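Per my numbering, the very first residue in the sequence shown carries number 4; after that it's consecutive.
Positions of the beta carbon are idealized from the N, C-alpha and C atoms, including for glycine.
In this text the structure is predicted, and so the values were computed from the model without any measurement.
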Amino acid sequence: TIQENVFRAEKYVTPTGNKLNCKGWVQEAALRMLLNNLNPEVAEKPEELIVYGGRGKAARNIESLDLIIKALKDLNNNETLLVQSGKPVAILTTHEDAPRVLISNSQLVPKWATWEHFDALEKKGLMMYGQMTAGSWIYIGSQGIVQGTFETFAAVAKKHFNGTLAGTLTVTAGLGGMGGAQPLAVTMNEGVCLVAEVEEWRIDKRLHTRYLDEKCTVIDEAIDRALTAKQQKKSLSIGVLCNAVHLLQRLLERNIQVDVLTDQTSAHDPLIGYIPHTLTNEQANVLRQENPENYKALSYESMKQHVAYMLALQEKGAITFDYGNNLRARAKEAGLQNAFNFPGFVPAYIRPLFCEGKGPFRWAALSGDPADIAATDKCILELFPENKSLHKWISMAQQRIAFQGLPARICWLGQGEREKAGLAFNELVRKGIVQAPIVIGRDHLDTGSVASPNRETEAMLDGSDAVADWPILNALVNTAGGASWVSLHHGGGVGMGYSIHAGMVIVADGTEAAAKRLARVLRNDPGMGVIRHADAGYDIALDTLRKNGLSLSDRLK
Ligand code: NAD
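Below, the structure written as structure tokens:
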């Protein structure tokens, strides 16, 4: 007999086409995006409902997943489903312009906001870790991060290597859901990338989706191949089956000049995410179950060593940065005092973009038809003819990005641009140029939606790194504006106690009502970022604020 409480991919297939399974397109979009998050082509471990980022899940357990699906199919156009850490808890009457789903994931009262407390609650079945887009149903596979990663490496190239990574060696680790975008982002910038990864199936998955060029199981061989490509100025990415610590150790022993150095192992989660170099993968899986305390101790020791090696390579000239996994904080917690001697990627490369309201705008074609994304690509290129880097990005993405699950696209758009794009997509739906509605969302890693002092809000100009009013206001204003679903999470990216962040998704279904909601939400959402950065004193943000009519003092004149 078939067990009902296990994940069977064939039972959770994402509907496509233009026929509704729900009572409206907004509910339908939530249903399709939830199932898309769990599509085995999209999710890292769908059998555990894990989408990406260590243990970032889409629903608390199978029972909750089934209930959410049932609720979405039953939900009326004047009702709202409430989801508490991955479990549906109520359907309440609201109104047609209100969000159809409101989600709160992994929230703990600050004094209790530790992994220890969270683990105990998770064990009792009372909580779920939502990461960022996993629990808010807008993960679109590795593409979701690839443009951001591409932009970061492009900024590195611009700042340090005359605009190209050609002839340089980048070293990193982690080929998971997000980290898997690194090799492609480096080769798109013409560089050579060595990525350590302990799990072979992850390497194979990135080869399969063409994010990675080659696999190598011997460290020295991988280094030699990378050096040859670097010398020939050829772009190449190699996944090395080994622990990050062992790769860095060998690079130091051989005195290899590393040009760019970072890391995207799941260091935010010392128990489920990071694998210590003193254990094999198999041993890690056993010890994690049998003695979690012992596992975490080894994990911390390993992260301390990992950062110590990064600092040693930085001394030898590698441009080194933390890539948003809280590795520096873990090493410091383990006693490495100078762990923060290299910067995080946001203050180093991304903040100027945030000041213009720019961030990872993304959309998916609910029809399931790649031709619909081609139509939106064309639309975006026509809307922003002067934006050269956007044109470069879209043409590279068309050639090199394999869709995972529902066809989707990402591109970083700023204040004013997101609103324009959303309304244009709504017109494509209205005119029948695309087969079904388009769902628009973003990462929580965005300009106005997150407080995360070791990542998005590291080293703010006014010292307001830990102020978390901003993401709360962001979630509230998106709810007030009529986003299709809104989420408020804790601990994404960097782990329990380190971040509060909000998500929003909005559906362009071609109706007049949707156009009004799109105009409000896609103006206010990035607007929160511009307002937040202007409040902190950034000139670029103050400028963007005034140009877009967002300034309170101008309003009250
Ligand atoms: P994931 O859990 O899907 O993948 C992590 C990978 O790291 C796994 O494949 C795992 O096998 C590997 N790994 C763990 N320890 C290792 C070690 N010591 N050596 C080599 N490989 C090791 O996570 P993900 O979604 O790829 O995210 C990775 C990290 O990056 C997370 O901490 C996440 O929060 C952070 N992140 C950063 C950004 C960003 O833009 N900077 C965005 C999203 C996520």
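For V201, the CB falls within less than 7 Å of some heavy atom of ligand 1.
T379 sits buried, since 16 or more C-beta atoms from the chains shown fall within 10 Å of its C-beta. Counting only runs that start and end inside the segment 492–524, the beta strand (DSSP E) elements of at least 3 residues fall at 503–511. A straight-line Cα-Cα distance of about 6 Å links A544 and E359. The continuous stretches of beta strand (DSSP E) do not include L282, and DSSP gives it neither H nor E. In the three-state scheme derived from DSSP, where H, G and I count as helix and E and B as strand, I259 is classed as coil.
The beta carbon of A270 sits closer than 7 Å to at least one heavy atom of ligand 1. Per the DSSP secondary-structure output, T323 pairs in a beta bridge with L264. Between the alpha carbons of P18 and L37 lies a gap of roughly 11 Å. The continuous alpha helix (DSSP H) containing R403 extends over residues 391–403.
Excluding its 5 nearest sequence neighbours in each direction, A12 has C-beta neighbours in its own chain below 7 Å: P43, P49, listed in chain order.
Between the alpha carbons of A368 and G506 lies a distance of about 19 Å. DSSP places L23 in the coil class of the three-state scheme, outside both helix and strand.
Distance from the Cα of I376 is smallest, within the candidate group A247, G408, V198, for G408. In this structure L85 touches L105 by the C-beta definition: roughly 5 Å separates them, less than 8 Å. In the DSSP assignment, A93 falls within the beta strand (DSSP E) that extends over 90–96.
Taking the C-beta atoms as reference points, N40 is found no nearer than 8 Å to Y132. In summary, A123 is exposed, with fewer than 16 beta-carbon neighbours lying within 10 Å of its beta-carbon over all protein chains present. Taking a contact as a CB-CB distance under 8 Å, the pair N8 and S490 does not count as one, their CB atoms being some 25 Å apart.
When DSSP assignments are scanned along the segment 119–190, the uninterrupted stretches of beta strand (DSSP E) that are 3 or more residues long and fall wholly within it turn out to be 172–176.
At least one heavy atom of ligand 1 lies less than 7 Å from the C-beta of R205.
Exposure of A405 is indicated by the presence of fewer than 16 other C-beta atoms within 10 angstroms of its C-beta.
Counting along the chain, Q418 sits inside no beta strand (DSSP E), nor does DSSP assign it H or E at all. The count of Cβ pairs closer than 8 Å, one atom from the segment 176–188 and one from the segment 263–276, reaches three, so the stretches are in contact.
Burial check for P373: the Cβ neighbour count within 10 Å stays below 16, so the residue is exposed. By the Cβ criterion, the segment 462–481 is not in contact with the segment 416–427, since fewer than three pairs of Cβ atoms, one from each stretch, lie closer than 8 Å. A residue is called buried when at least 16 other Cβ atoms come within 10 angstroms of its Cβ; G320 does not meet this threshold and is exposed.
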